[in-house]
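Numbering (this note's numbering), first residue to last: 202 to 340.
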């Protein structure tokens, strides 16, 4: 029975990243394209690593965006390490937000973490390496 269910499971949805503007800065979310027309894409936001819809308060379940706001998912760069002063992206609330690396901290209980700041609000966060990635150019 489990084998049959595994065979019948639909393939994962093809994924892209879509930029949603907040305070003039794009944050990037995983999505699937559900339609196209004249330089625009209709996208549905998805939870990371799941094919379930990501619901963001105040936003439609599907929305139209310019093609320039859509890009392929970036490859994971396992070699990259954040450096103080560097701009990078921080995974927060299912989206990747632009942040600046302030410093790294290492403790026995938590391991290595980086202090980052979302400069638009001077919001500080502590992040593990898996929640950070190199900054990619905005559209």
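Note that the Cβ used here is the ideal one computed from N, Cα and C, for glycine as well.
- Along the length of the region 242-324, whole beta strand (DSSP E) runs at least 3 residues long occupy 263-267, 271-273, 288-293, 296-308 and 312-319, reported in chain order.
- Within 10 angstroms of the beta-carbon of residue 228 lie 16 or more other beta-carbons, which makes it buried.
- The Cβ atoms of residue 221 and residue 231 do not sit closer than 8 Å to each other.
- Of all alpha-carbon atoms in 241, 329, 292 and 275, the one lying nearest the alpha-carbon of residue 307 is that of 329.
- For residue 317, the number of other beta carbons within 10 angstroms of its own is at least 16, and it is reported as buried.
- Excluding sequence positions up to five before and after residue 284, its CB lies within less than 8 Å of the CB of 302, all in the same chain and listed in chain order.
- Residue pairing of residue 333 in beta bridges, as defined by DSSP: 291.
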